[in-house]
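Q: Under our numbering, residues 1 to 240 are what the sequence shown spells out, in order.
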Amino acid sequence: MTRAGDTLPAVARLLLIEDDLTIRAPLVRALRERGHAVAAASTAMTGLRDALDDRPDLVVLDLGLPDLDGRELLRMLRAVSAVPVIVATARDDEREIVRVLDAGADDYVVKPFTAAQLDARVRAVLRRGPGGQPEDPTVVVGGLRIDPRSRQVDLDGEPVELTPREFDLLRHLATRVGEVVTKRELLTEVWQIPYGGADKTVDVHLSWLRRKLGESAQRPRYLHTVRGVGVRLVTPEVDG
Ligand code: CA
1 MTRAGDTLPA
11 VARLLLIEDD
21 LTIRAPLVRA
31 LRERGHAVAA
41 ASTAMTGLRD
51 ALDDRPDLVV
61 LDLGLPDLDG
71 RELLRMLRAV
81 SAVPVIVATA
91 RDDEREIVRV
101 LDAGADDYVV
111 KPFTAAQLDA
121 RVRAVLRRGP
131 GGQPEDPTVV
141 VGGLRIDPRS
151 RQVDLDGEPV
161 ELTPREFDLL
171 RHLATRVGEV
181 VTKRELLTEV
191 WQIPYGGADK
201 TVDVHLSWLR
211 RKLGESAQRP
221 RYLHTVRGVG
231 VRLVTPEVDG
């Protein structure tokens with residue numbers, strides 16, 4: 001089970017294979033600032049060579065590379081290496097994502113993604129350990145069970161039907177149980193709107209999510225709004 005505050009033992013050595021310098025340079029910088037050792041390659045072929053020669057702990061692979069399709073590269077890499085791979089795809093296309101996961105990717109991010117999001121995925125993939133059994137990522141908060149693999153949510157043993165956005169919102173809050181998460185962060189991480197998004201968007205989805213969890217802003221149980229700051233997912237207090 002995953003809990004907030006899990007830490008990784010050592011500095012992770014990452015290899016970023018990305019041809020677009022405007023993405024690569026800031027991402028390398030941001031990942032280094034987050035404590036990773038980062039090497040970068042701008043073509044599939046140099047990336048493959050570096051992955052084999054330098055044996056990084058994890059590879060972040062852009063699918064749209066100039067010399068070879070990223071999926072081809074993934075297959076070639078998988079034939080010779082078990083290094084964890086996170087794929088960066090420009091397409092938020094379910095079939096595409098299923099294809100790369102089937103081809104051996106450990107996780108994926110959809111462009112445009114933030115460094116914070118990629119860093120979270122990197123840490124989650126590395127926590128599973130090399131070739132180890134994946135840790136159960138299910139998060140339990142009171143009677144709420146959130147399983148990111150099946151994207152299934154149960155409340156007191158009963159399944160709750162959520163839209164993909166509602167699920168992502170709840171899952172993000174579940175990574176920070178007990179902490180106030182700002183609407184700005186939710187817009188960035190869940191909606192991937194870095195600037196100038198409307199707080200109303202978050203409010204509306206929160207109210208839908210609340211309704212499905214059988215609560216309201218006036219009578220919150222799991223989702224508590226902190227006025228002017230954000231929202232917090234908590235274990236509800238049991239009535240005496
Ligand atoms: Ca590209």
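Every residue, glycine too, gets a C-beta built ideally from N, C-alpha and C.
Given the structure is predicted, the values throughout are model-derived calculations rather than measurements.
Anything with a beta carbon under 7 Å from a heavy atom of ligand 1 counts; list them all in chain order.
A: Result (chain order): Glu18, Asp19, Asp20, Asp62, Gly64 and Leu65.
Q: Strictly under 8 Å for the Cβ-Cβ distance: is Asp154 near chain B by that measure?
A: This model lacks chain B altogether; it includes just one protein chain.
Q: Rounded to a whole number of angstroms, what is the C-alpha to C-alpha distance between Gly104 and Ala115?
A: Taking the straight line joining both Cα atoms gives about 23 Å.
Q: Measure from the alpha carbon of Ala37 to the alpha carbon of each residue in Asp119, Arg91, Thr43 and Glu72, then state which is nearest.
A: Ranking the options by Cα distance to Ala37, first place goes to Asp119.
Q: How far does the alpha helix (DSSP H) with Gly228 in it reach, from first residue to last?
A: Element bounds for Gly228: n/a, residue is neither H nor E.
Q: I'd like the list of long-range same chain contacts for Val28, defined as Cβ closer than 8 Å, with 5 residues on each side in sequence excluded.
A: Cβ within range, chain order: Leu16, Val38 and Ala40.
Q: Would you grab the beta carbon distance between Leu169 and Leu209 for me? Rounded to a whole angstrom, and I think it's under 8 Å.
A: The pair is a contact, with the Cβ atoms about 6 Å apart (cut-off 8 Å).
Q: Rounded to whole angstroms, what's the CA-CA distance from Trp191 to Leu48? Just pull it up for me.
A: Rounded to whole angstroms, Trp191 to Leu48 spans 33 Å at the Cα level.
Q: Can you list the beta strand (DSSP E) stretches of 3 or more residues lying completely in the stretch 75-112, in chain order?
A: If we require 3 residues or more, the beta strand (DSSP E) runs fully inside the stretch 75-112 come out as 85-89 and 107-110.
Q: Find the nearest neighbour of Arg34 within the set Val160, Val122 and Arg95, judged by alpha-carbon distance.
A: Arg34 has its Cα closest to that of Val122, out of Val160, Val122 and Arg95.
Q: At what residues does the alpha helix (DSSP H) containing Thr46 begin and finish?
A: Here the alpha helix (DSSP H) through Thr46 covers Ala44 to Asp54.
Q: Return the chain-ordered list of same chain residues with a C-beta closer than 6 Å to the C-beta of Asp154, the five sequence neighbours on each side being excluded.
A: These residues qualify, in order along the chain: Arg145.
Q: Give me the Cα-Cα distance between Leu206 and Met45, rounded to the nearest whole angstrom.
A: If you take the alpha carbons of Leu206 and Met45, they lie about 45 Å apart.
Q: Kindly identify the DSSP beta-bridge partner or partners of Glu158.
A: Looking at the DSSP assignment, Glu158 forms a beta bridge with Leu155.
Q: Taking Ile146 as part of the beta strand (DSSP E), name the residues at either end of that continuous run.
A: Unbroken beta strand (DSSP E) run through Ile146: Leu144 to Asp147.
Q: On the CB-based measure, 16 or more other CB atoms within 10 Å of its CB, does Pro66 come out buried or exposed?
A: Pro66 is exposed by the Cβ-count criterion.
Q: Is Thr89 buried or exposed, if buried means 16 or more other CB atoms sit within 10 Å of its CB?
A: Burial call: buried.
Q: Can you tell me whether Pro82 is buried or exposed? The criterion is at least 16 other CB atoms within 10 Å of its CB, across all chains shown.
A: Residue 82 is actually Ala in this sequence, not Pro. It counts as exposed.
Q: Do Arg232 and Glu166 have their CB atoms nearer than 8 Å?
A: Not closer than 8 Å, so no.
Q: Does the Cβ of Ala25 have 16 or more other Cβ atoms within 10 Å, making it buried, or fewer, making it exposed?
A: Exposed.
Q: Quick one: residues in its chain with C-beta nearer than 8 Å to the C-beta of Glu72, no 5 flanking neighbours on either side, listed in chain order?
A: If we look at Glu72 and ignore the five residues flanking it on each side, its Cβ neighbours are Ala44.
Q: Enumerate in chain order the residues of its own chain whose CB-to-CB distance from Val229 is below 8 Å, with the five nearest sequence positions on each side excluded.
A: Answer for Val229: Val180 and Thr182, listed in chain order.
Q: Which one of Leu126, Asp93, Val80 and Asp69 has the shortest CA to CA distance from Ile86?
A: Ranking the options by Cα distance to Ile86, first place goes to Leu126.
Q: Look at the alpha carbon of Gln133 and the alpha carbon of Leu186, and state the distance between them as a whole number of angstroms.
A: Low confidence applies to Gln133: its pLDDT is 48, below 50, so where it sits in the model is not reliable enough to give any reading.
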